[in-house]
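Going by the working numbering, the sequence shown opens with residue -8, and the numbers climb by one from there.
Cβ atoms here follow ideal geometry from the backbone N, Cα and C, with glycine treated the same way.
None of the values given here were measured: they were computed from a predicted structure.
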Amino acid sequence: MKNLIIITTLLVLFGCTKQKEMELKNLINDIEAQVRPLSKEAALAYWNATITGDPLEFEKYSAANMQIVNIYSNRELFAKLKRIHEEKKIKDSLLIRELEVVYNRFLGNQTDTALLNDIIQRSAALEQKYATFRAKYKGFEISDNQVENILQTSHNNNDLKDVWMAHKKIGPLVANDIIELVKLRNMVAISLGFSNYHTMSLELSGQEPDEVSELFDELDLLTKDAFANLKDEMDTYFAKRYKTEKEKLMPWHYQGRFFQESPQIYPLELDKYYSGKNLEELTKIYYLGIGLDVEKIMANSDLYEKPGKNQHAYCIDIDSEGDIRVLCNIKDNEQWMGTMLHEFGHAVYAQGHDNPANPYFLREAAHSFTTEAVAMLFGRLSRNPEWMSQMLELPLSEVEKIQDDCQKSSRLQQLVFSRWVQVMYRFEKEMYANPNQDLNELWWTLASKYQLLTKPEGRNEPDWATKIHVALYPCYYHNYQLGELLASQFHYYIVNNITKSGNIKNDSYIGNKEVGDWIREKVFETGMKHKWNDMIEAATGEKLTAKYYASQFVD
């Protein structure tokens, strides 16, 4: 009798579970039926808008997105999801993952409409201030590109200081607006049960804040000594260039507004090797060689300049069914070769996660930084001497001539950027934790510690507010660095387990289809079925770590 009761109870529980799972499936199907056509409509409108500049297409894109937001802000649908989420009666692992992804999309939109509209309006006003600001230099208004050009090319200390200071004038114009926006974003986060907006942003994207901080602490320890040595090398170079003492070098001496990109201290000119080359064909040949066919994607893409077209580059998944497109504006130089390899890295990832076996809401990269990692893995190759040697058929004498400077230049770029992201990540984290603190002082404390920059004497200005990402693209910047870490982890696994060359400096996997098979099966086709760190561990044998990045660019 006792066993009969147990069996009966189990059958009831099993039946209850199946009933709940069917309820969830029907709910997700209902949401998909609403979202899916609008997502395709928005993607097509954005594509058409950016290849033509047609304002009507931008309006279509905005309207479709607004309808999608309305779906995700639907309180009745969210209440059903929340009830199922809190009951914890779903046992099917794939359904649990779908529920988690869809639930988080809704959660981020469950806030007071008036508050959300206030944030949108303030953000738009800030965007206009950044867009219309021009630095005033020697009686003329100049663009950011012109500021960068002067910082990169001038040898005059006074000119460098003046143009750097002129650019920083945007800070006081927007700082108070940003602080108010930060407080409003925090209000949204607190209303949804989070301590602040920074924490909410990370958690809703599937990241644990403590886990991310631990990675950045690990990266700091691994890079700080190597960066200090490089910084001394840069200081020696610039002291000579600007005819001053190393101790007197200021932030405007490092060839950029933020010291986020590597200064040009090595005599490296790669554009001549790409001049006259067919970058489209090189991209196609390389990817096909590793077993990733981009022919269909390339046929649907828009790769060359034309009037009204967006001047940058991106990859877009139109329908989550394999219609992947890339926008570029190809010129026959190294930068655009790297961009083509980068964007088609995004494209082959999307081609994989659009696997029909994946549920619709899981046909995305495991995280935004994991698709960045794949794009970075391949985008790095345009400066790889081995890749250039084989793909461009360079003579050995040319390869030997550039090999050392290629490696030094890549190492410098990675370490300079890494230390800059330390500043961005830690500043945003602290700002959202306490927006009332002295943010001017916080910014320079971090820049001094991580970038080894000297604050200009007596300076007390909101220089943090001159970086547009702080205002308009909050709590995302750290993902670029996580992408670099993962790119190196993927690379290390490939050269030690697939190509087995052990060559972490130069291996470019040319012609090795096993590389494509591995990354397609282990990374692309899994989509969002697993949390990002579980996917990484399954693919490489370890969770995300900074040690392979250090092996490639520090050791």
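Between the alpha carbons of residue i and residue j, how many angstroms are there, rounded?
i	j	result
residue 335	residue 52	24 Å
residue 570	residue 384	For the chain, the structure presents residues -8 to 546; residue 570 sits outside this window and is missing.
residue 525	residue 534	7 Å
residue 258	residue 396	7 Å
residue 34	residue 481	30 Å
residue 151	residue 145	7 Å
residue 88	residue 284	30 Å
residue 518	residue 527	12 Å
residue 438	residue 42	39 Å
residue 69	residue 17	14 Å
residue 477	residue 341	17 Å
residue 372	residue 12	46 Å
residue 543	residue 474	14 Å
residue 97	residue 366	29 Å
residue 465	residue 185	16 Å
residue 382	residue 277	8 Å
residue 1	residue 8	Any answer about residue 1 is weak, because its pLDDT of 49 lies below 50 and its placement is not dependable; what the coordinates show is given next. Going by the C-alpha atoms only, they are around 10 Å apart.
residue 359	residue 504	25 Å
residue 263	residue 392	14 Å
residue 548	residue 327	Residue 548 lies beyond the range of the chain shown here (-8 to 546); nothing can be said about it.
residue 304	residue 320	7 Å
residue 296	residue 137	22 Å
residue 294	residue 369	18 Å
residue 112	residue 265	45 Å
residue 148	residue 22	60 Å
residue 288	residue 238	52 Å
residue 462	residue 523	27 Å
residue 442	residue 414	8 Å
residue 91	residue 212	34 Å
residue 538	residue 545	9 Å
residue 291	residue 317	8 Å
residue 83	residue 388	59 Å
residue 20	residue 247	50 Å
residue 454	residue 203	25 Å
residue 201	residue 418	15 Å
residue 456	residue 532	41 Å
List the DSSP bridge partners of residue i.
i	result
residue 126	133
residue 317	306
residue 293	318
Is residue i near the ligand GTP, going by C-beta to nearest heavy atom under 7 Å?
i	result
residue 228	In the structure on display, the ligand GTP does not appear, and there are no ligands present to speak of.
Just checking my contact of residue i with residue j at CB under 8 Å: how many whole Å lie between their CB atoms?
i	j	result
residue 412	residue 469	6 Å
residue 275	residue 286	7 Å
residue 178	residue 106	6 Å
residue 183	residue 102	7 Å
residue 315	residue 338	5 Å
residue 128	residue 157	5 Å
Checklist entry - Just checking, does the segment 449 to 463 make contact with the segment 508 to 518 on the three C-beta pairs under 8 Å criterion? => result no
Item to check | At least 3 beta-carbon pairs within less than 8 Å: the segment 364 to 377 vs the segment 346 to 355 | outcome: no
Next on the checklist: Whether or not the segment 325 to 340 and the segment 269 to 278 are in contact is what I'm after, with contact meaning three or more pairs of Cβ atoms, one per stretch, closer than 8 Å; do they touch?
Outcome noted: yes
Checklist entry - Any chance the segment 493 to 501 sits against the segment 194 to 213, with 3 or more Cβ pairs inside 8 Å? => result no
Next on the checklist: Using 8 Å as the cut-off, can you tell me whether the segment 416 to 435 makes contact with the segment 125 to 144, which would need three or more C-beta pairs spanning the two stretches below that distance?
Outcome noted: no
Next on the checklist: When you compare the segment 213 to 226 with the segment 403 to 412, are there three or more beta-carbon pairs, one atom per stretch, that lie closer than 8 Å?
Outcome noted: yes
Next on the checklist: Please give the ranges of any beta strand (DSSP E) in the segment 457 to 530, keeping only runs that are unbroken, at least 3 residues long and fully inside the region.
Outcome noted: none
Next on the checklist: Report the start-end ranges of each alpha helix (DSSP H) in the segment 425 to 458 that is 4 residues or longer and not cut off at the edges.
Outcome noted: 430 to 441
Checklist entry - In the segment 129 to 211, which residue ranges form an unbroken alpha helix (DSSP H) of at least 4 residues, counting only runs that do not cross its ends? => result 135 to 144, 148 to 158, 161 to 182, 188 to 195
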